[in-house]
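Right, one structure below, let's go through it.
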Amino acid sequence: MSTTRKRVYGYLAEFGSASALYKAAEKVRDAGFRKWDCHTPYPVHGLDAAMGMKRSILPWFVFFGGMLGTATGFGLAYITQVEIYPTVVQAKPANIFTVPAFFPIMFELTILFSGFTTLFGLLALMKLPRLNHPLFASRQFHRATDDAFFIAVEARDPKFHPDKTRSFLEEIGGKSIELVEEED
Amino acid sequence: MATATEHAPSHTRQGPKLPVLEREKLILNGRSYHWITERICGVLENRQPLLWWLLFLPSALIAMVGVGLGLTYLVSTGVGVWGMSNRVFWGWDITNFVFWIGIGHAGTLISAVLFLTRQNWRTSINRAAEAMTIFAVMCAGIFPAFHVGRVWMAWFLAPIPNANAIWQNFKSPLLWDVFAVSTYFTISLIFWYLGMVPDLATIRDRCKPGLRKMLYGIFAMGWRGGNRQWSHYEMAYLLLAALSTPLVLSVHSVVSFDFATSVVPGWHTTIFPPYFVAGAIFGGFAMVLTIMVPARQIYGLHDVITMKHIDNMAKIILLTGTIVGYAYLMELFVAYYSGAKYEMDAFKFRITGPYWWAYLAMMSCNVLSPQLFWFKACRENLWVVMGVAMAVNIGMWFERFVIIVTTLARMFLPGDWKSYSPSWVEIMLFIGTIGMFLALFLLFLRFLPCINIAEVKWTLKESDPHHDDHHDHPDHGTELIPAYQRELHGKPIVGPDN
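Those protein sequences? They're chains A and B, same order as listed. Heads up: the first sequence at position 179 corresponds to 172 in the working numbering, and the numbers run straight through without jumps. Add 227 to a position in the second sequence, counting from 1, and you land on the number used in the working numbering.
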């Protein structure tokens, strides 16, 4: 039985170059759209401002992740070396003043924890991994990772209108505009 | 009359034009985005050339025999088969460990330090260099892990109390080493993988539906190249680069602490951390050249990895090689100037003792051979470049051999003096790791994008969103002078296929 219902995901419009995309993005931003994105084969610098996006908040996650790493490194070294089992090796003492010897491990754990926070924080912010996406149903979207520049305006945007949005995208220079549908 | 501050067409402008050196092109022959995708994905989508098989099969065989059988024999018999006894407990195994971990440094350096300093030429070589890092650290890890003797007790290195509730000694450089190397491997792996996600998506989008597409799709994690993704992604990449930069400096410093915090003459020197780091970068860049120059020839990547890239790497080898040479001479000077008898004797033994040939090999390969790169003709001749890179690879191995073996063979007590030569198991294992490294690298070329596709595209001029603004307002007060590459060839470099 193939009675699949389709739901509109949104419009996908192609732009000729990074510059054209940049200028179009400014217009989409000024038109007040919220749920939309630019898809490019490489990071186009300056597009964040053209899209009216804020700076990524990832550094904040990583800062606290790193601090946790430092604390873990110190805790691990201090508790085991000074509190639980103070081993005296080569007459070196075990007390709070031996903390310089713990610095290499504190440093490495700071980096390690920050690295993991970066990875998992990034995935959370990008809402990845996900293997499916409505855009993958598009017949031209595979070129977004090759040589094409797209703007996708989602249907769940409050300003989305089946006809007006299409003509708006045409107006700002979009080519081969496609209505992308996903299976419901 | 036109003034300097207002735009005016060139024919009305008065006065001479300012000569400006043209920006070196990082992609030659005006290649398009699609060409870049095709060429780089082609490396792994097309059938591999015969040479690939001719290199891969022996490498894989050597790896299986050398590492596989070598380690089986070592574990089943005992660490004594490494031929170490009496004084020289650290022989080839730690030499190889320091050698391989040093190779691993250029990858993260190219990726992180050159990223932070906005050196766009890194984009063509960083992926392969990072892969090299991962594989080199894997090779390195074998030696200390099996050097402990009873490898099933290697978990003693992890921070968990043993059966008697005794914890690891956190004041020991050997434990710092465990933390440093494992952190380095983990962070390099994350950096490498994260940098590859957009390119894996490129390959996914080119595949026909099937197993291949599914596998690349899983590893691409659903990447869509949306700017809301790129924005976070670039921040993450920047953060990882900023984290890796001190990390790469710390790892080899910590490795050098294994030596420097001891009281052994010839090891107990404060120059060791910077000297080891410079040496590691030096050796690592030589290895990048050793593997990238042939790969560039075989896969026809001339337009992406240009002579400019090779020139830059040659200059870095010259710089770090000179730093290493300075460190060698400073060691000698400090041994003399400190007046420490044992220190002086250690160095006298290195130069004139039975291992004089190792010292000579180290000096000539590491200090003299890179000096060729002062000359432009040498940097432009790929045979010379490859020759120097190979010499540096050999020289860096000898450097570690000289440091470890000559020192341990003559410590304080003459009764302990012993001449050291490796056993066949040690030799086999070292050759095995070379095979393993090559085999892994060839598999990398076969299955993963060897050049960062997204970032290479980003270096093209038209990738700048304000690119066409320059056409609206060209600066008529300047005159572009041809840059290096045009000077070199007089005409565009032609790859093997066009």
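Glycine included, every Cβ here is placed at the ideal spot set by N, Cα and C.
### Query
Residue range of the alpha helix (DSSP H) that W651/B falls in?
W651 to F674
### Task
Using 10 angstroms around the beta-carbon of G242/B, count the other beta-carbons present and answer buried if the total reaches 16, otherwise exposed.
Classification for G242/B: exposed.
### Query
Mind listing which residues of the segment 480 to 510 of chain B have their C-beta closer than 7 angstroms to chain A's C-betas, in chain order?
V481
#### Entry: Endpoints, the alpha helix (DSSP H) within which R433/B is located
P400 to R433
### Query
Among residues of its own chain, excluding the 5 on either side of P723/B, which ones have a beta-carbon nearer than 7 angstroms to its beta-carbon?
Note that P723/B has pLDDT 45, beneath the 50 cutoff, so the model's placement of it is unreliable and no number is given.
### Query
Does any residue of chain B bring its CB to less than 7 angstroms from the CB of T63/A?
By this cut-off, T63/A is not an interface position.
### Message
As an exercise, report each continuous alpha helix (DSSP H) stretch of at least 4 residues that is fully enclosed by the segment 231 to 293 of chain B, in chain order.
### Response
260 to 272 and 277 to 290
### Query
Leaving out five residues before and five after P676/B in sequence, what residues of the same chain have Cβ atoms less than 6 angstroms from its Cβ?
Residues of the same chain with a CB within less than 6 angstroms of the CB of P676/B, apart from the 5 flanking positions on each side, are I267 and D426 in chain order.
### Task
Go ahead and label P276/B buried or exposed: buried means 16 or more other beta carbons lie within 10 angstroms of its beta carbon, across all protein chains shown.
exposed
### Query
Does the distance from the CB of G179/A to the CB of L115/A come in under 7 angstroms?
Summary: the structure shown does not reach residue 179/A, with chain A confined to residues -6 through 177, and so no result is reported for it.
### Task
Give the DSSP bridge partners of R0/A, in chain order.
E175/A
### Message
I'd like to know whether the C-beta atoms of L470/B and G58/A end up nearer to each other than 7 angstroms.
### Response
no
### Message
Less than 7 angstroms between the C-beta atoms of M519/B and A287/B, yes or no?
### Response
no
### Query
How long is the line joining the alpha carbons of D699/B and Y2/A, rounded to whole angstroms?
38 angstroms
### Query
Just how far apart, CA to CA, sit L175/B and S458/B?
There is simply no residue 175/B to check, as chain B begins at 228 and stops at 725 in what is shown.
### Task
Provide the residue span of the beta strand (DSSP E) that contains E76/A, from first to last.
No beta strand (DSSP E) contains E76/A, which DSSP labels as neither H nor E.
### Secondary structure of V21/A, DSSP reduced to three states
helix
### Message
Using CA atoms only, rank isn't needed, just tell me which of L162/A, E164/A, L112/A and S160/A is closest to L465/B.
### Response
L112/A
### Message
Quick check on A407/B - is its C-beta less than 7 angstroms from some C-beta in chain A?
### Response
yes
#### Entry: Range covered by the beta strand (DSSP E) that runs through W624/B
Looking at the DSSP string, W624/B is not in any beta strand (DSSP E); the run it does join, the alpha helix (DSSP H), is L609 to F628.
### Message
Can you list, in chain order, the residues of its chain with a C-beta nearer than 8 angstroms to that of A24/A? Leave out the 5 residues immediately preceding and following it.
### Response
The beta carbon of A24/A sits closer than 8 angstroms to the beta carbons of K152 and F161 from its chain, once the five residues preceding and following it are set aside; these are given in chain order.
### Contact set between S477/B and chain A, taken where Cβ atoms lie within less than 9 angstroms
Contacts between S477/B and chain A, judged by CB atoms closer than 9 angstroms, involve P97, F100, E101 and I104 in chain order.
### Task
Pull up the DSSP beta-bridge partners for T138/A, would you.
Partner(s): none; T138/A has no beta bridge.
### Query
Is there at least one Cβ from chain B nearer than 7 angstroms to Q74/A's Cβ?
Yes, its Cβ sits closer than 7 angstroms to a Cβ of chain B.
### Task
With 7 angstroms as the threshold, decide whether the Cβ of S286/B is near any Cβ in chain A.
Output row for S286/B: interface = no.
### Message
Below 8 angstroms, how does it come out for the segment 612 to 622 of chain B and the segment 657 to 669 of chain B: are there three or more Cβ pairs, yes or no?
### Response
no
### Task
Identify the contact partners of F324/B in chain A, using a Cβ-Cβ distance below 8 angstroms as the criterion.
Within chain A, no residue comes near F324/B; the closest Cβ sits about 18 angstroms away, beyond 8 angstroms.
### Cα-Cα separation, I445/B to P436/B
Cα-Cα distance, rounded: 13 angstroms.
### Query
The beta strand (DSSP E) spanning D30/A covers which residue range?
W29 to H32
### Task
In angstroms with no decimal places, state the Cα-to-Cα distance between L5/A and A681/B.
21 angstroms
#### Entry: Presumed contact (8 angstroms Cβ cut-off) between I352/B and I532/B, rounded CB distance
Going by Cβ atoms, the distance from I352/B to I532/B rounds to 6 angstroms, so yes, they are a contact pair.
### Message
Are the CB atoms of F503/B and S483/B within a distance shorter than 7 angstroms?
### Response
Their beta carbons are under 7 angstroms apart, which means S483/B touches F503/B by this criterion.
### Query
Are the Cβ atoms of P492/B and A573/B separated by less than 7 angstroms?
yes
### Task
Compare the C-alpha of T264/B against each of E164/A, K157/A and A141/A and name the closest.
A141/A
### Query
Is it the case that the Cβ atoms of F406/B and A367/B are separated by a distance below 7 angstroms?
no
### Message
If we define contact as Cβ-Cβ less than 7 angstroms, is K398/B a contact residue for chain A?
### Response
yes
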